[in-house]
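Enquirer:
In the numbering used here, the protein residues as written are 1090 to 1938.
Written out as structure tokens, the structure reads:
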């Protein structure tokens, strides 16, 4: 059992002995990177000194056993004694997903055996500080499994030091390398005490330099420890050293010391030479290549040499920029962003994502000769979805026959009669049969088959969409051409109103439920009246499969899973009479056109075309409504599998099953016999993926500016895709998730990151709606037009630009949002998705641990 060993004794496989920092440094030493000499006080020494690493033992007060003391002091002597840096190296730090930056302690310029032993004890104690314990709790890391080693290295008296990121921590660009530097020891940079010099090195070796301010300089003190000086004090000391050296040189008593830009000794005052920056960049890229991922590296420059002090994976790194998107990619990205308000889990990626609406649309487009639509649009890193990359569909030879196929299907399959199709009736019967089964009573093997059975039910709906969408498309195209020829293009959206859909059925059912709540006092404190409870149960039985967040994911709860979402909607609707504004009769206005008014036959033809287009819209909405019916069964079966794994001690909670893939669950033959290494392997997979997901919690799947590129705002706060409805003024209410529904008041301007049919009941009370994602054809835009309220879609960052209570004017015809205090501009805005500013600020993991 090693208590102490040199750095080169360790590698990435020795995490449990050397901790994250020690293992990474050992890997660098083994591969001839310029790392200061040193040794590791292993986790074995920690356990021996703290009685097995018991957190109830105060590591700061414990007396080191004699063999541990001798091992440390012996290694210190072999290192040559003198000043050393002592850094904590916990087994859970410097890992992908958990940088632990600044969570454990570092001690610089430690001199002497006793000071070294004290520093080692304090490093051990830092494992149990309040901040470190809280950090681990947030990441879901079990305290019982964490141990700590200590890295001891020869002290580098840095002239200049800092941090290097081998990818841009803000944009995610892997081709750019970012360096922050300042005078003295790097502690000033990693602790955020200075505005550092900032270097950006691109793939061609070009350097962009921004000077810092050097507000603070940290340097080693004589006899141990460090001194913190202000920038002015440091400059005065450097000048005094410079003058003393000059006098010494002039007197002939010796050569002038110092090799720095301003002649001072011990620290740097000017810009790093380009050659040094280039060498640092080469080292950084070599380290990143060795570890196979972008790195966060602390470095120091002294005596004309570069030293790497530590390296760890960059955390919370945005995905690489997607570059310029073509119009098709942008359109697809607009849809996908609306459907992906939350990051998919591994179980989503292996079930509902490939089989649900995204998979359905891939199959529909494929049937007409369009390849690679919705293929690979979600990319993973460390087995967790990291990036949204809009697909670039490609035509196959079959696309040449698509016009004939579309025409044939449009003539055969009428969207107005799709619910009479035998396939649809069989689908509903199969759904009811699966919903009626008792999942809790099933043995494991039978329960394990239910998810695949639920997914298999999706295929008939895909066939229905293939057959009936051509009729929908042609009906809409025919009406659009007609109104354009008549010069009444502005009526097109309003002409689509009036079709009864399952979305409007849902909203009206909610209105009735709200009326029951008002009449019975169901929203008062206490148990709900029986009449309301029965009405709510009936509502959820009919509409409870509706998604709260996304139709293409299985993991977010449905209304039935989260009835509080429905209750919040009921509270909003019951608060007062709806502010619903029925649009004026668009069909009557169209029929009043001179070319139609004189011909009864033409009026009848146009009326039929409008009715056919409305039927097509209803088919699109209603097929979505029915298509999601298998999703709750799938979700309940997965959670039942998770519950049994929790009861077996494999998972901490049933929802942890979402971190697994379907194939991994299907490998479990019997949960009752799942023990030992197999159970531990699943726990390790879940823990690792949960940690990565937590790391990415603040990282966007894609930069919205790539989908909604900025354009001239013409004085507007925001611009986006105009979705109709005129103009309205009101106070902003930012609603970011269904749990916030109850905050909306009548007359508010609803500002939200996305919408789906579950959000549309709010439109009855909103004065207008402004959405980060989506377009004029999205569910939100369609329903907003039905309610006659202005809607602006695809603003990109409306939820971050606007704030609660801010009075704004929304123009749904021009796609603009103005400050109501400055008046609303009415000029047309070219393009969509423009915002006043975008950003992707993220944590970078650059701390002082």
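All residues carry an ideal CB built from backbone N, CA and C; glycine is no exception. Remember, predicted model here, so these are calculated numbers, not experimental data.
Report all residues from its chain with a CB closer than 6 Å to the CB of residue 1278; omit the five preceding and five following residues, and keep chain order.
Expert: Excluding sequence neighbours, residue 1278 sits near 1251, 1252, 1269, 1271 and 1285.
Enquirer: Alpha carbon to alpha carbon, how far is residue 1387 from residue 1090? Give it in angstroms, no decimals.
Expert: Looking at the two C-alpha atoms, the distance is approximately 30 Å.
Enquirer: Just to confirm the assignment: which complete alpha helix (DSSP H) runs, minimum length 4, are found wholly within the segment 1600-1685?
Expert: Segments of the alpha helix (DSSP H) lying fully in the segment 1600-1685: 1619-1632, 1652-1663 and 1675-1680.
Enquirer: With a floor of 3 residues, list each beta strand (DSSP E) that falls wholly inside the segment 1390-1457, ordered by position along the chain.
Expert: Those beta strand (DSSP E) runs which fall completely within the segment 1390-1457 and span 3+ residues are 1394-1402.
Enquirer: For residue 1858 and residue 1888, what's the separation of their Cα atoms in angstroms?
Expert: Using only the alpha carbons, I get a separation of about 11 Å.
Enquirer: Can at least three beta-carbon pairs, one atom from the segment 1538-1556 and one from the segment 1714-1721, be found at a separation below 8 Å?
Expert: With a cut-off of 8 Å, the segment 1714-1721 and the segment 1538-1556 count as touching, because enough Cβ pairs lie within range.
Enquirer: Short of 6 Å in beta carbon distance, which residues of its chain neighbour residue 1549, apart from the five on each side in sequence? Order them along the chain.
Expert: 1512 and 1516.
Enquirer: Can you find a C-beta in chain B that's less than 9 Å from the C-beta of residue 1251?
Expert: Included in the structure is just one protein chain, with no chain B present.
Enquirer: Count the other C-beta atoms from every protein chain shown that fall within 10 angstroms of the C-beta of residue 1786, then say buried if there are 16 or more, exposed otherwise.
Expert: Per the 10 Å Cβ criterion, exposed.
Enquirer: Could you tell me if residue 1092 is buried or exposed, where buried requires 16 or more neighbouring beta carbons within 10 angstroms of its beta carbon?
Expert: Buried is the call here.
Enquirer: Could you tell me the distance, in whole angstroms, from the CA atom of residue 1140 to the CA atom of residue 1235?
Expert: Spanning the two alpha carbons is a distance of roughly 14 Å.
Enquirer: Is the beta carbon of residue 1584 sitting closer than 9 Å to the one on residue 1685?
Expert: The answer is no: Cβ separation not under 9 Å.
Enquirer: Would you identify the three-state DSSP class for residue 1296, choosing helix, strand or coil?
Expert: Looking at residue 1296 - three-state DSSP - the assignment turns out to be strand.
Enquirer: What does DSSP give as the partner residue(s) for residue 1388 in the beta ladder?
Expert: For residue 1388, which the question treats as bridged, DSSP gives the partners 1251 and 1397.
Enquirer: Rounded to whole angstroms, what is the Cα-Cα separation between residue 1105 and residue 1401?
Expert: Using only the alpha carbons, I get a separation of about 16 Å.
Enquirer: Residue 1853 and residue 1600 - do their beta-carbons sit closer together than 9 Å?
Expert: Yes, these two residues count as a Cβ contact at 9 Å.
Enquirer: Does the Cβ of residue 1248 have 16 or more other Cβ atoms within 10 Å, making it buried, or fewer, making it exposed?
Expert: The residue in question, residue 1248, is buried, as its Cβ has 16 or more Cβ neighbours within 10 Å.
Enquirer: Residue 1123 to residue 1116, Cα distance in whole Å?
Expert: If you take the alpha carbons of residue 1123 and residue 1116, they lie about 12 Å apart.
Enquirer: Give the single residue among 1551, 1803 and 1871 whose Cα lies nearest to the Cα of residue 1589.
Expert: For residue 1589, the nearest C-alpha among the options comes from 1871.
Enquirer: Residue 1637 to residue 1745, Cα distance in whole Å?
Expert: Looking at the two C-alpha atoms, the distance is approximately 20 Å.
Enquirer: Using a Cβ-Cβ cutoff of less than 6 Å, which residues in the same chain neighbour residue 1644 once the five nearest sequence positions on both sides are dropped?
Expert: Counting only Cβ-Cβ distances below 6 Å, and skipping sequence neighbours, we find 1434, 1437 and 1747.
Enquirer: Is it right to say residue 1353 is buried, meaning 16 or more other beta carbons lie within 10 angstroms of its own, or is it exposed?
Expert: In this prediction, residue 1353 has a pLDDT of 37, which is less than 50 and means its spatial position is unreliable; what the coordinates show is noted afterwards. Buried.
Enquirer: Note the first and the last residue of the continuous beta strand (DSSP E) segment covering residue 1242.
Expert: Taken as a continuous stretch (DSSP letters only), the beta strand (DSSP E) holding residue 1242 covers 1237-1243.
Enquirer: To which residues of the same chain is residue 1479 closer than 8 Å at the C-beta, ignoring the five residues directly before and after it?
Expert: If we look at residue 1479 and ignore the five residues flanking it on each side, its Cβ neighbours are 1411, 1414, 1418, 1419, 1421, 1422, 1425, 1466, 1791 and 1796.
Enquirer: Using only the heavy atoms of the ligand ATP, determine whether one of them is closer than 8 Å to the beta carbon of residue 1510.
Expert: Looking at this structure, you won't find the ligand ATP or any other ligand, since it has none at all.
Enquirer: Taking C-alpha atoms, which residue in 1154, 1215 and 1155 lies nearest to residue 1176?
Expert: For the residues 1154, 1215 and 1155, the minimum Cα distance to residue 1176 belongs to 1215.
Enquirer: Please report the straight-line C-alpha distance between residue 1156 and residue 1378, rounded to a whole angstrom.
Expert: Rounded to the nearest angstrom, the two C-alpha atoms are 40 Å apart.
Enquirer: On a CA-only basis, which of 1450, 1846, 1695 and 1316 is nearest residue 1554? Give me that one, please.
Expert: Nearest C-alpha to residue 1554: 1450.
Enquirer: If you draw a straight line from the C-alpha of residue 1355 to the C-alpha of residue 1904, how long is it?
Expert: Reliability fails at residue 1355, whose pLDDT of 48 lies under 50, so the model's placement of it is uncertain and no value is given.
Enquirer: Residues bridged to residue 1841 by DSSP?
Expert: BP columns for residue 1841 point to 1860.
Enquirer: May I ask you to verify whether the segment 1826-1846 touches the segment 1649-1665, counting CB pairs closer than 8 Å and requiring at least 3?
Expert: Yes, the segment 1826-1846 is in contact with the segment 1649-1665.
Enquirer: Between which residues of its own chain and residue 1103 is the CB-CB distance below 8 Å, once the five residues before and five after are set aside?
Expert: These residues qualify, in order along the chain: 1111, 1112 and 1115.
Enquirer: Who are the near neighbours of residue 1707 in its chain, counting only those whose CB is closer than 6 Å to its CB and skipping five residues on each side?
Expert: Counting only Cβ-Cβ distances below 6 Å, and skipping sequence neighbours, we find 1588 and 1590.
Enquirer: In angstroms, rounded to a whole number, what distance separates the CA positions of residue 1842 and residue 1165?
Expert: Straight-line Cα distance between these residues: approximately 57 Å.
Enquirer: What's the C-alpha gap between residue 1245 and residue 1389?
Expert: So the two alpha carbons sit approximately 7 Å from each other.
Enquirer: With DSSP as the reference, label residue 1464 as helix, strand or coil.
Expert: It is coil, neither helix nor strand.
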